Ligand SMILES: [Zn+2]
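In the numbering used here, the protein residues as written are 5 to 390.
Here it is as structure tokens:
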């Protein structure tokens, strides 16, 4: 299986120069090619592009050779992909087929090394062709296997490498715990049916507050001023940091769940519906439910774990886990108190219901029907009928 792992780089000033130069050369070459093939009567083909690259561009811009020749040569493949998409859309009769556009400085700047021999990874260091010293990475590559490609990109003044690995890491032994229900929350990130509570990330919350302040600060700066440019970079950096923090939290949780449990049951959260309430919307998008579900699903696939998505209308919070009786449960009510004597934290009760829902869904021959709680004070039961 091919997996991409994205890691932040810690280049020295000299190495930064090289990376900037490589991004610049790739962008320049791409734009030069696009410029040439945008002329009337000049038709795009990969062969023609290669010809133009070798006989015109490399001669006119000898500084291309200051970085790995792959960097500029891959601009041909990239532009070829862009043209292919364009032609496909033209053929399909699209109104705006989207002719390839020129690349702008500092917008999605990147370059790639697509041959395994042009780079290698060792622990927390990365070698790339033509750069004499090894680049430091913030963390080691998480997967073992043949590295296929390295893409280096720049975002908000920082460099990242995305390494594509052909790995077998993800067909291992099955997790040893049978099942878990996960209630995604607002106050806490998640509550598991085992009773474990995964708290919301405090650093993340704090940074979101900071971001608001910095955005206000930015809006007060005069347009075109140096101070504004500085403030803008600060906002972009913080944005990035928040994005990374959120991703890290979600990866940690989805990793833990798919490594531990064979069956994971989660709610089908109607994030669209929930976003109508603005304060709630904030909390929902901060928690990144949609992203979490996406991660759980694809990691579950790697690890042969089953994910059960509960029906949107399954009343996980409203149902008494002990007797099945339904209760009105406004969001402010944190504890479920049932006539049957069952008293439980709202989220834990929901998580336990989800766990049972998942197990039921996987045993279609075992129908669980709900026995109404008839005698208050006496624990009811879920009747099992084969
Ligand atoms: Zn009850």
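Every residue, glycine too, gets a C-beta built ideally from N, C-alpha and C.
Keep in mind the model is a prediction, meaning the values are calculated, not measured.
Using C-beta distances below 7 Å, list every residue in its chain close to residue 226, excluding the 5 sequence neighbours before and after it, in chain order.
Here the set comprises 232.
Between the alpha carbons of residue 312 and residue 331, how many angstroms are there, rounded?
24 Å
Under the DSSP definition of a beta bridge, which residues are partnered with residue 11?
165
Consider the C-beta atom of residue 326 and the heavy atoms of ligand 2; say whether any pair is separated by less than 8 Å.
As presented, the structure is devoid of ligand 2, carrying ligand 1 as its sole ligands.
For a test of your reading of the model: does the CB of residue 337 fall under 8 Å from any non-hydrogen atom of ligand 1? Yes or no.
no
Given this structure, state the Cα-to-Cα distance separating residue 35 from residue 162, to the nearest angstrom.
23 Å
Could you tell me which of 309, 155, 119 sits nearest to residue 366, measuring between CA atoms?
The candidate whose alpha carbon is nearest that of residue 366 is 309.
Which word fits residue 299, buried or exposed, when buried means at least 16 other C-beta atoms lie within 10 angstroms of its C-beta?
Label assigned to residue 299: buried.
Measuring straight from C-alpha to C-alpha, what distance separates residue 118 and residue 168?
10 Å
Does the beta-carbon distance from residue 164 to residue 10 come in below 9 Å?
yes
Three-state secondary structure (DSSP) at residue 17?
When secondary structure is reduced to three states using DSSP, residue 17 falls in the helix class.
Buried or exposed: which applies to residue 325, given that a residue is buried once 16 or more other Cβ atoms fall within 10 Å of its Cβ?
buried
Can you tell me where the alpha helix (DSSP H) with residue 82 in it begins and where it stops?
It spans 73-95 - the alpha helix (DSSP H) in which residue 82 sits, taken as one unbroken run.
What three-state label does DSSP hand residue 42 in the structure shown?
Three-state result, residue 42: coil.
Using a Cβ-Cβ cut-off of 6 Å (strictly less than) and excluding sequence neighbours within five positions of residue 29, which residues of its own chain qualify?
68, 71, 75, 76
Assuming residue 264 and residue 159 make a contact with CB atoms under 8 Å, what is their CB distance in whole Å?
Actually they do not touch by this definition, with Cβ atoms about 33 Å apart.
Quick one: using the 10 Å Cβ neighbour count with 16 as the cut-off for buried, is residue 179 buried or exposed?
Classification for residue 179: buried.
Going by C-alpha distance, which of 235, 206, 207, 208 is nearest residue 219?
235
Considering only the alpha carbon of each residue, which of 229, 186, 228, 241 lies closest to residue 212?
Residue 241 is the option with its Cα nearest to residue 212.
Kindly list the residues whose CB is nearer than 8 Å to the CB of residue 102, restricted to its own chain and excluding five residues on each side of it in sequence; keep chain order.
Within its own chain, the residues whose Cβ lies closer than 8 Å to the Cβ of residue 102, once the five positions on either side in sequence are excluded, are 89, 90, 93, listed in chain order.
What's the gap between the Cα of residue 279 and the Cα of residue 304?
The pLDDT assigned to residue 279 is 48, lower than 50, so where the model puts this residue is not dependable; a value taken from the coordinates is nonetheless given after this. Using only the alpha carbons, I get a separation of about 27 Å.
Can you give the Cα-Cα distance for residue 239 and residue 345, rounded to whole angstroms?
52 Å
What's the gap between the Cα of residue 359 and the Cα of residue 267?
8 Å
At what residues does the alpha helix (DSSP H) containing residue 258 begin and finish?
230-264
Expressed to the nearest angstrom, what Euclidean distance is found between the alpha-carbon atoms of residue 354 and residue 140?
45 Å
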